[in-house]
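Down below is the structure, laid out as structure tokens.
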Amino acid sequence: MEPRTDTTATYTCAMIPPAPRTLDRREGPYGEVVLREHGEHFEIIANGCFLMDTSDGRSERLLIDAALAALPAGRTGPSVLIGGLGVGFSLVRAAGDERWGRIAVVEREQAIVDWHRRGPLDRISGAALADPRTEVLHTDLLDHLRTTTERYDALCLDIDNGPDWTVTEENGSLYSPTGLARCLDRLTPGGVLAVWSAQPSAEFEQALRNAGFTRVRTEEVAVARGVPDVVHLASKGS
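According to the working numbering, the residues represented by the sequence shown are 155 to 392, in order.
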């Protein structure tokens, strides 16, 4: 009898994806944050919940592009406040466009700032952080919105997983009526609020209208599995 050839047993070790490798783990004021390397990509985990990775970035880039496109025609050198440094895609997109003026980034986790300035994420954001237009503010976004006197032409917020799914309870207040009122107050006339979310939210669109925003709409970015990522957009009436 001829020996049986098992055609299913052709896998090699090279075909098995590597397990994630923890590069750094920190305990901060809002809980644990972890930076992991998974193959050629990086992942940020907060309190055991996946936040983001470097595998795509289309929706983070849309966050910046859509805000710029929605500004009134003829506005030169607009300023942008990016809420959340994350893996750096939004900052890199803004710094890569010479049309932006001042670029401020608010990040409350010192660990994330360190990973970009002196750690593995420097390969993504190093040039953007060195751009003279860029300023990193190590503070909580709501605290900054409450205490600053500066106004911005665009607020681009990538905080947690969006309005309907927050990993830390404090982040939910950003999307509350009080938080949205502060966003509106920090915008210049005609300014744009752009909010990244892991899923569409009709309820959040209505919350934006209730807060006094106009031209409320949602742009979607298809993902490999599940519902699309979205960017909620809204303007401050002039």
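The beta-carbon is built from N, C-alpha and C at its ideal position, and this holds for glycine as well.
Residues bridged to residue i [DSSP beta-bridge criterion]
i	result
F204	I199
I236	V259, C310
V385	W350, E373
R190	T176, E197
G182	G185
E289	A258
L283	Answer by DSSP bridge pairing: none, since L283 is not bridged.
T368	S389
L437	In the structure as shown, the chain starts at 155 and stops at 392, and residue 437 therefore has no counterpart that could be examined.
Supposed contact pair residue j and residue i - C-beta distance, whole angstroms, cut 8 Å
i	j	result
R340	T302	7 Å
D178	H195	That belief does not hold up - the Cβ atoms of D178 and H195 are roughly 15 Å apart, past 8 Å.
L338	L295	14 Å between Cβ atoms; not a contact.
H298	V259	That belief does not hold up - the Cβ atoms of H298 and V259 are roughly 11 Å apart, past 8 Å.
Rounded straight-line distance, which links the Cα of residue j to that of residue i
i	j	result
T372	P382	11 Å
R369	L362	10 Å
G202	E186	8 Å
P317	S355	8 Å
R336	E197	31 Å
T230	W254	8 Å
R175	T342	44 Å
P232	A173	43 Å
P331	D312	18 Å
A224	G344	9 Å
I257	R180	27 Å
V234	G250	13 Å
F358	A227	27 Å
T164	W269	Reliability of the predicted coordinates at T164 is poor, the pLDDT of 45 falling under 50, and no value is obtained from them.
V290	Q360	31 Å
R212	V241	13 Å
I236	A365	20 Å
G333	P274	33 Å
H386	E191	30 Å
R287	L205	27 Å
E304	Y184	26 Å
8 Å CB neighbourhood of residue i in its chain, flanking five on each side removed
i	result
D210	V377
A265	D178, R180, G182, V187, L189
Residues near residue i by beta carbon distance below 6 Å, same chain, minus five either side
i	result
A221	A308, C310, V346, A348
A388	L347, L362, F367, V370
E374	P382, V384
D285	A249
E263	G182, V187
E252	none
Test: residue i CB closer than 8 Å to a CB of chain C
i	result
R179	Protein chain content of the structure displayed is limited to a single chain, and chain C is not contained in it.
Close-in-space but distant-in-sequence residues of the same chain around residue i (CB under 7 Å, 5 per side omitted)
i	result
R271	L283
T159	At T159, the pLDDT of 42 sits below 50, so the modelled position is not reliable; the number obtained from the coordinates is stated separately. Around T159: no qualifying Cβ.
V267	L239, E261, V290, H292
K390	L338, L341, P343, G344, G345, F367
Contact test: residue i Cβ vs the ligand PLP heavy atom, cutoff 7 Å
i	result
Y184	Annotation note on the ligand PLP: not contained in the displayed structure, which lists no ligands.
For the segment 204-222 against the segment 345-361, do three or more pairs of beta-carbon atoms, one drawn from each stretch, fall closer than 8 Å, so that the two count as touching?
yes
With three or more C-beta pairs closer than 8 Å as the rule, is the segment 244-251 touching the segment 275-284? yes
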